[in-house]
Structure formats: C-alpha cells, structure tokens
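Protein sequences, first through last, are from chains E and X.
In terms of the working numbering, the first sequence opens at residue 2 and continues consecutively.
In terms of the working numbering, the second sequence opens at residue 2 and continues consecutively.
By construction, the Cβ of each residue, glycine as well, lies at the ideal position given by its N, Cα and C atoms.
Number of protein chains: 2
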Amino acid sequence: MTRRTDRTPLHLNAFLMSVGHHEAAWRLPESPASGGTDLAHYAELARIAERGKLDSLFLADSPVLMGDPGRRPGSKLEPTVLLTALAAVTSRIGLIATASTSYNEPYNLARRFASVDHVSGGRAGWNIVTTAGADAARNFGLDDTPLHRDRYLRAAEFVEVATKLWDSWADDAVLADKELGVHARAERVRPIDHRGTYFRVDGPLNVQRSPQGYPLLVQAGSSEDGKDFAARYAEAVFTAQQTLEEAIAFSKDVKERAAGLGRDPGGIKILPGIVPVIGDTGAQARELDAELDRLIRPEYAKRQLARTLRIDPDALDLDAELPGEIPGEDEIEGAKSRYTLIVDLARRERLTVRQLIGRLGGGRGHRTFAGTAEQVADTIEHWYDAGAADGFNIMPAVLPSGLELFVDRVVPILQERGLFRTEYTGTTLREHYGLPRPANRIFDVVDSRAGHLGIALSGAR
Amino acid sequence: MTRRTDRTPLHLNAFLMSVGHHEAAWRLPESPASGGTDLAHYAELARIAERGKLDSLFLADSPVLMGDPGRRPGSKLEPTVLLTALAAVTSRIGLIATASTSYNEPYNLARRFASVDHVSGGRAGWNIVTTAGADAARNFGLDDTPLHRDRYLRAAEFVEVATKLWDSWADDAVLADKELGVHARAERVRPIDHRGTYFRVDGPLNVQRSPQGYPLLVQAGSSEDGKDFAARYAEAVFTAQQTLEEAIAFSKDVKERAAGLGRDPGGIKILPGIVPVIGDTGAQARELDAELDRLIRPEYAKRQLARTLRIDPDALDLDAELPGEIPGEDEIEGAKSRYTLIVDLARRERLTVRQLIGRLGGGRGHRTFAGTAEQVADTIEHWYDAGAADGFNIMPAVLPSGLELFVDRVVPILQERGLFRTEYTGTTLREHYGLPRPANRIFDVVDSRAGHLGIALSGAR
Numbered sequence: 002m003t004r005r006t007d008r009t010p011l012h013l014n015a016f017l018m019s020v021g022h023h024e025a026a027w028r029l030p031e032s033p034a035s036g037g038t039d040l041a042h043y044a045e046l047a048r049i050a051e052r053g054k055l056d057s058l059f060l061a062d063s064p065v066l067m068g069d070p071g072r073r074p075g076s077k078l079e080p081t082v083l084l085t086a087l088a089a090v091t092s093r094i095g096l097i098a099t100a101s102t103s104y105n106e107p108y109n110l111a112r113r114f115a116s117v118d119h120v121s122g123g124r125a126g127w128n129i130v131t132t133a134g135a136d137a138a139r140n141f142g143l144d145d146t147p148l149h150r151d152r153y154l155r156a157a158e159f160v161e162v163a164t165k166l167w168d169s170w171a172d173d174a175v176l177a178d179k180e181l182g183v184h185a186r187a188e189r190v191r192p193i194d195h196r197g198t199y200f201r202v203d204g205p206l207n208v209q210r211s212p213q214g215y216p217l218l219v220q221a222g223s224s225e226d227g228k229d230f231a232a233r234y235a236e237a238v239f240t241a242q243q244t245l246e247e248a249i250a251f252s253k254d255v256k257e258r259a260a261g262l263g264r265d266p267g268g269i270k271i272l273p274g275i276v277p278v279i280g281d282t283g284a285q286a287r288e289l290d291a292e293l294d295r296l297i298r299p300e301y302a303k304r305q306l307a308r309t310l311r312i313d314p315d316a317l318d319l320d321a322e323l324p325g326e327i328p329g330e331d332e333i334e335g336a337k338s339r340y341t342l343i344v345d346l347a348r349r350e351r352l353t354v355r356q357l358i359g360r361l362g363g364g365r366g367h368r369t370f371a372g373t374a375e376q377v378a379d380t381i382e383h384w385y386d387a388g389a390a391d392g393f394n395i396m397p398a399v400l401p402s403g404l405e406l407f408v409d410r411v412v413p414i415l416q417e418r419g420l421f422r423t424e425y426t427g428t429t430l431r432e433h434y435g436l437p438r439p440a441n442r443i444f445d446v447v448d449s450r451a452g453h454l455g456i457a458l459s460g461a462r
Numbered sequence: 002m003t004r005r006t007d008r009t010p011l012h013l014n015a016f017l018m019s020v021g022h023h024e025a026a027w028r029l030p031e032s033p034a035s036g037g038t039d040l041a042h043y044a045e046l047a048r049i050a051e052r053g054k055l056d057s058l059f060l061a062d063s064p065v066l067m068g069d070p071g072r073r074p075g076s077k078l079e080p081t082v083l084l085t086a087l088a089a090v091t092s093r094i095g096l097i098a099t100a101s102t103s104y105n106e107p108y109n110l111a112r113r114f115a116s117v118d119h120v121s122g123g124r125a126g127w128n129i130v131t132t133a134g135a136d137a138a139r140n141f142g143l144d145d146t147p148l149h150r151d152r153y154l155r156a157a158e159f160v161e162v163a164t165k166l167w168d169s170w171a172d173d174a175v176l177a178d179k180e181l182g183v184h185a186r187a188e189r190v191r192p193i194d195h196r197g198t199y200f201r202v203d204g205p206l207n208v209q210r211s212p213q214g215y216p217l218l219v220q221a222g223s224s225e226d227g228k229d230f231a232a233r234y235a236e237a238v239f240t241a242q243q244t245l246e247e248a249i250a251f252s253k254d255v256k257e258r259a260a261g262l263g264r265d266p267g268g269i270k271i272l273p274g275i276v277p278v279i280g281d282t283g284a285q286a287r288e289l290d291a292e293l294d295r296l297i298r299p300e301y302a303k304r305q306l307a308r309t310l311r312i313d314p315d316a317l318d319l320d321a322e323l324p325g326e327i328p329g330e331d332e333i334e335g336a337k338s339r340y341t342l343i344v345d346l347a348r349r350e351r352l353t354v355r356q357l358i359g360r361l362g363g364g365r366g367h368r369t370f371a372g373t374a375e376q377v378a379d380t381i382e383h384w385y386d387a388g389a390a391d392g393f394n395i396m397p398a399v400l401p402s403g404l405e406l407f408v409d410r411v412v413p414i415l416q417e418r419g420l421f422r423t424e425y426t427g428t429t430l431r432e433h434y435g436l437p438r439p440a441n442r443i444f445d446v447v448d449s450r451a452g453h454l455g456i457a458l459s460g461a462r
C-alpha cells in the first residue's frame, strides 16, 4: 500500500446519538430508557471520548420531532445547551453542535457559539446545516422547506454575517483601564453594518472575541451545493461514504474545489462516518450487528424509508428490491445527498427493502463495519493511507458500550501504530485539528480579501 | 406595624450583573477585568447565592451591545448558555434567564428552556421580555423597534405557543417498552397546529415534557401593557419601585388584575429590586456608595441619559435639574416604565443631572439602600410586612463582595427572624417559590380554559 506522505496524526470525532446510531439500540437491555434527554448519560459518553483523547464530540440536530416517536428516542436536548453542559464535565475534548442557518438569526446564533467558546475555553465547533424537510419548515411558519439553492445562499450569507460579528471586537479591544475609566476601546469595537439579500445586521456583537476567534466551522452535506459550501467555508467535513473509491473521489473533489478558491486544501479535514460494531471475533461482531437488525420493527422503518424516497409505503415490498420508478435527485428539495446515497446503495448491492432497512437502521447511510478491534483499526489505517480520509466520524451502533470498546480497544492500536495522539497537545478544538486561529478580518487583515477562509469581506466598515 | 397574615417565607433572587450593578463597580481594585465573559466569576457568584439558600439567580439580557463599550463591561455571555454552565456548578438554586419574544422563534426558545430545565433537574426560569430599542432592532433586519403594543401582542402569542409546545408531550408519553419495541406512545405526543397572528407552528416539540412542566415564567415590565401581561402570564415579577407606597400600589394593582382574570393572586410573586450597599456602620456604607458614584465618568452617563430621554446631550447641565421639556411616556415606544421611573425620580427629589446619574449608575432606577446588615434586613422586613413585596430582587452594587456581604450578614438575620428558609426544602425552582407544577393543558386538563395560568388553550388539538 502506498503510504500518504503527509502522515500527520489522524482525527477522531465521536458522534453522540442518544443510546446509539442503530435505531434499535434502545431495545437492548443495557440501554437507559431516556437516553436522549438524560444529561448523566451524555456526560458519561463525553468522559469516555475524552479518555480516548478524541479530537471532538459531535451532536446532530434538526428543529423537529423526527418520524414516529414510537420508533426510537425522539426527545433530544437542544445541542448548544447540551454542549455547554458537557463542557462543564470535560476539559480538553472539542465540542461540536449542529445549528440551522434556515431557522436561526445570525446575531443570536453567533452569540451563542461565541458564548460556548468562552465557557469551554476555546472548544466550540459549529456544524452548519441548512435543514431539509417540510416538517421542520412547519415549525417556523412555512408550508414547505425553502428551495435547496436558496437554503445554501442563505447559509453562505449567514456564515458571512456570523464571522463578521465574531470579528467585530478586536482581540485587544478590552483594556479595562481602571485608572482612566475606559473599559473597552470604542475604536476597537465596530459595527458590521451588513446589508445583504437575506440579512441586515448592524452589530457589533455583544460578546468579545472568543478564545478560538471563530468556532471550528464544520459541514456535512455532500450535494453539489453542499460541496461548494464546504470548499468555501468548512474546516472539517463529516461525510457518508460507503466505499473506499467514493471516499477518495469525494475528498479529492472537495479539496480541489477549495484549492480553486485559493484555500490550502490541508485546511479542510475530511471525516467519513463509520459505524464500528466491535467483537472479540469477527463472527461475534457480525452476530451483534444481526441481533440489532432483528430488533428493528420493519413497519416503522418502511414508513420512514418511503417518506425519504417520496413514495407510497405500499409500493415497498420487504422482500423485494426497491421499485424501478422513484424520483431522481433533481426532483428532491431536501437532503439530496442522503437520498442519492440510499438509492445507490440499494441498487449497487441489489438489497431487498428488508436488507436496506437493516443497513440504514445501523448508520442511516453511513458505513457499518463489523469486526475485531484489530480489523477496525486496519480499515481506518487503510482508508487514511489511501487518502480517503483525514480522520473518522465514529458512530457507535450502541452507546455507551460501542464508544467504550472503540476507545479502550481500537484507539490503543491506532496509538501504537503512530496514527493517533497519546495525549492532547493543545487546549482548543482548532489545535486538536491542527487548524489556525483565524485572523480578525475587520481589524487585523490588511487585504480583507485574503482572510483565513474563502470569505471575502464585503459590505462591512 | 401591621404584620401580614400570610407570613410565608419571603423569596430572594440574586440578580447577577457582571462585576456589579453599579456602572463603575468594575473600576474598583477588587473587580476582575473581564467579569462579563468570565465563567469562573459567575460560578463563584452562583455558589455564594446557593450558600445563602436564595431561591434563584437571574441574568438580564438584550441582544445588542448596550451603550459605549468604554463605560462598563459590555461583553456578556448569552444567558441560556451561561445558565447551563451555572447549572453544572450548583445543585439546588433556581436559574432564571432573560430571552426576547421579539427576536426569537418560539420553537427554538421553548426547546432551549425545556432543555435547560432537563439538564438542571427542574431549575429553569424564563424572564419574558419584548426588547425595546432601535439598536436591538437593527441587529434583526428592522429599522426600529416594533410598536410597544405589537411587541406585547407578539409576546402573548409567543407564550401561548411555547406553553403548548411544552404540553405537546404528555408526562407519561415515554414508555420505552423494549419488549414491544415502542419508545414513546404516539397518541401521547401531539402536534399543536398553532395558527395565529404572528406564528404558525405545527409541533410537537422534540423534547419531552421537562421536570417543571414549564420553566418558571417571570416578567419585568411595569407599563400598562406590561402589568396586563404579568397579570395574565407571570409567576414572578421583577420590578423597580423607589418608595414603599408605590410598591404597595404596584403589587395590589398586578394582583387585582390577575384576580380579575380568575387567577389566584398568591400565584404571582412580586419582587422589587434593591441595591444593598452594606457597611459595618451606616456611615461606612454611605461612603462606599459615594466612592462608587465618584468613579462614574459623567460624560458616558450623560450621553446614556440623553439617549434614554430622547433628548440632545447638550440640553443636560450636570449641575442643574432635568430640562422642563422632555417627551411624555406616550411618545416613547420602548422601555416605557423605565423612562417614567427616571423622570419621576428626578422630579420628585429635585435631583441635579449629576445626582440623578449617581442614582441611576447605582441601580439603573432600582432602589439603592446604604446601611448596616441590620438596617437592610429591617427595610426588607418592613416592605414585606407592609405587603409591598413577596420577596426581593437583590442587586449588589459590587460583585462578588456585595453578594457575599448580603448572604453572610443579611440572610442570617432574616433566617433568625423566621422570614427566610435555613435549608432548601424542594429541588425545583417552582418548589422554592411555592408554585405548582402546571397541569398539561393538552392531555390532562379536562376544561382547557381552566389551566394553571391565564392562558386559554385555543387552536390546538
């Protein structure tokens, strides 16, 4: 195998999802009944991830109750609140929360993330999502989700406004000169006077610049618009890739787009999702995986699949392949990349609906890998060396046990192979990912178009 | 003095404001330089307040940088984030945060407060504000603040939506039946289908009902619209009252309005603000108060006063009274009650602008009381017995020292007199205030118009 020449340590993120990524994980005897709303459960997960020296933990989100409440734990704590609570029980691990650019105001959200960055001592990250789905739209006065393209245009302007607000205080603004009686220097705190298509925001923010300057900017959509957005703004990308070839192509694509915008491709870390199901033997791991699939109630899953594919549930036969006629990605307005991934997976592997449901129930389109700790470490190393990944988004099927097995069995192997840190060397999330603290585009960057990210500063000052 | 017959223990709230309520507190040698953004500082304040067995702590807020950043610490952590961080370092004290109904979406905010209530084990309170001021409006795409009346109409509908969302899960919705494979019972989780003037929200919320059902609902405006709003929705009211007579009249007014709406007047706790400046002797206390006033830079304060009064700063002479011609309350669209309070105070006591600035600098219109611990306890008892207050909003001029003095010297006197608890008897904020957990208006109340608050359930189900 060709070793990649830039063999920097890889990055590991723990994607925390209630009692596990497998939709039936909650039915196991070990799972706490109310995992989604139980702080003690999440605190335990955060401590395990930090014990493993993982770069970060991550919380997904959508402002809507997803699917049938009978199917799996649907009650979930709001991520910036939960993140703050987890900051209090950890000291080094990075903390990434999802928040929607479609259903928030930039002033409020910029302020919340700056605040989380302050209280956590520079450990905040923001997974920027545009939130697909009519159900979410109907919690915010709309009949249906805004058009895909509009959501991404709004997201880009949202990030522009947020970064300007984070830059509205110079790092040296607070003087606190008690003798003189001047707290902050007025000339080092400036309005942003943003006037755009979606937003008009005067600023300045009412929170001084935070330890990281900006939270780490993360993105997860893999549609064309999503990849362009990632290339421009993202510093880490969570992605669902089923095969090595697809993952290599995806990474190459996003990094080339970034280079095309004048960014350093090394400034974007690509982290495919992996659902590791770990056993003492491969057979034991596969048996756990199969046991979980048996616990799925197919009527829930079939209804959900039909919803995603925009077809009638009755058109799905559990023991047959997907029907021939389903809408193309072009006709879909939300979650395009997830839609395509599901259809491609089903067609490529000629899965029956029942088999497809099992695969999706495990990782919702992410790659499930059942094997020994050694085998999990091998596939991680293999993908990493092949340039398919700068790290991995670890999505244990069952929590906390799956995270515990990963941290206690897989991480030591990766450390032994020199692939992963044995101690934290930095204190901020950006330091863990080897990414710079962004310069202040309002006060410190002489050429305002040469900022840290592909964000041209327009309209400010 | 006539003792009030319902001598239930009084309630004490610690209003935490950076390094103190006096605008010049930050200039004292003891004050930390970056108090507004420093979690360790706030954590110390929370621990002191909890040591004193106070009912709650409270964070004010407006989504805007207030005034000149030179004048006092203007950088402040977002309150729901800070509250969550403080929940982690305390175990019993209630946690009240301000949030605006004008610049939030009900789905997002209902979810955040439900989440804070979950992570704190039932200690969350929401101070409902409508946010006056063109500066704040200009951070949210508006040219000026919405009309006073519109803000209150929106606020009422906002609270209606939020309470419906909190009721969208029955308390017994989560079954977590592993055998059957049913997590929550679909028939015990319902959309709210709200269709109103300001909001359309389908729901249900994606957080199950929280320990308190609703966070404690707090309100602070004292205009006519504000008092009507308090009478209908508030369970605790923070108010600025300079004299005993005004405070008695205010309390009577609000409670009568509530009774007129069919509510139990005992279900609304009135807490006037008091800025206690405590010394070993009265003279020492007055000297500390005067020292703080000398540290005010009058040019900052004069500019701020002119802004509030909507007049030219040059019209203000530091050593003369307020000019005769200033706008009436009717012409003011924001913070009406604060405006009137300032003008009334200046006219009643015939204060010069310099004196007025001193009084406002200390407590921004709240009542400053300089004296010994015994004298502070006396005035608290006096107001309480006279029916002017169900408790007090404690606003130390300097933090942490002023809170420490209050907790260590005044609280023991109040405890000795049987006026204040010596131990927490409940675990939730509602229990501290002696207020019931609200019934679920969607699932548990047979006559939906006879709910806990003056909230008629309309449009739902």
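The contact set of TRP27/E on chain X, defined by CB atoms closer than 8 Å, consists of ALA177, LYS179, HIS184 in chain order.
In this structure, GLN209/X lies away from SER63/E, with their beta-carbon atoms at least 7 Å apart.
Around the beta carbon of ARG152/E, 16 or more other beta carbons lie within 10 angstroms, which makes this residue buried. Going by C-alpha positions, ALA321/X is about 45 Å away from ALA163/E.
It is roughly 32 Å from the alpha-carbon of GLY122/X to the alpha-carbon of GLY134/E.
For SER211/X, the secondary structure class from DSSP, reduced to helix, strand or coil, is strand.
With a threshold of 7 Å between beta carbons, TYR43/X makes no contact with chain E. The beta carbon of ASN441/X is closer than 8 Å to those of ASP168, ALA171, ASP172, ARG210, GLY214 in its chain, skipping five residues each way along the sequence. SER57/X: member of the beta strand (DSSP E) spanning 57 to 60, first to last residue.
For SER101/E, the enclosing beta strand (DSSP E) begins and ends at 95 to 101.
For PHE200/X, the residues of chain E that pass the 8 Å Cβ criterion are GLY142, in the order they occur in the chain.
Nearest CB-CB separation between TYR108/X and chain E: below the 7 Å threshold. Bridge pairing for ASN128/X: THR99/X, VAL219/X [DSSP]. Interface with chain E (7 Å Cβ-Cβ cutoff): PRO266/X is excluded. The region 275 to 287 of chain E and the region 44 to 61 of chain E do not touch, with fewer than 3 CB-CB distances between them shorter than 8 Å. Listed in chain order, the non-local C-beta contacts of ARG418/E below 6 Å within the same chain number zero, local neighbours out to five positions each way being set aside.
For ARG298/E, the chain X residues whose Cβ falls inside 7 Å of its Cβ are GLY182, in order along the chain. Annotated three-state conformation of ASP315/X is helix, per DSSP.
The beta-carbon separation of LEU83/E and LEU60/E, rounded to 6 Å, stays under the 8 Å limit for a contact. As the crow flies, the alpha-carbon of GLU257/X is around 10 Å from that of PHE251/X. Counting the other CB atoms within 10 Å of its CB gives LEU406/X a total of 16 or more, which places it among the buried residues. Secondary structure at ASP409/X: helix, using DSSP grouped into helix, strand and coil.
Here LEU13/E has LEU55, ASP56, GLY392, PHE393, ILE395, PHE421 as same chain residues with Cβ atoms under 7 Å from its own Cβ, once five neighbours each way along the sequence are excluded.
Put simply, the backbone Cα of LEU306/X is about 13 Å away from that of GLU24/X. Listed in chain order, the alpha helix (DSSP H) elements of length 4 or more contained wholly in the region 270 to 323 of chain E are 283 to 295, 299 to 310. Listed as beta-bridge partners of ILE395/X by DSSP are ALA15/X, ILE275/X. The shortest C-alpha to C-alpha distance from SER116/X to any of ASP345/E, LEU11/E, ASP39/E, ALA237/E is the one to ASP39/E. Interface flag for VAL208/X against chain E is set, since a Cβ pair is found closer than 7 Å.
Within the region 112 to 163 of chain X, the runs of beta strand (DSSP E) that reach at least 3 residues and sit entirely inside it are, in chain order, 125 to 130. Measuring C-alpha to C-alpha distances from ARG264/E to each of THR9/E, LEU29/E, PRO437/E, PHE16/E identifies PRO437/E as the nearest.
Closer than 9 Å at the C-beta level to chain X, one finds these residues of the region 301 to 323 of chain E: TYR301. Not flagged as an interface residue toward chain X: LEU357/E, since no C-beta distance is shorter than 7 Å.
Fully enclosed alpha helix (DSSP H) runs of no fewer than 4 residues occupy 430 to 433 of the region 415 to 454 of chain E, in order along the chain. Among the residues of chain E, none has a CB under 9 Å from the CB of GLU375/X; the nearest is roughly 32 Å distant. If you check each beta-carbon in the region 119 to 152 of chain X against every beta-carbon of chain E, the ones closer than 7 Å belong to HIS119, VAL120, ARG139, ASN140, PHE141, GLY142.
Taking 7 Å as the cut-off, the Cβ atoms of GLY126/X and PRO397/X do not count as close.
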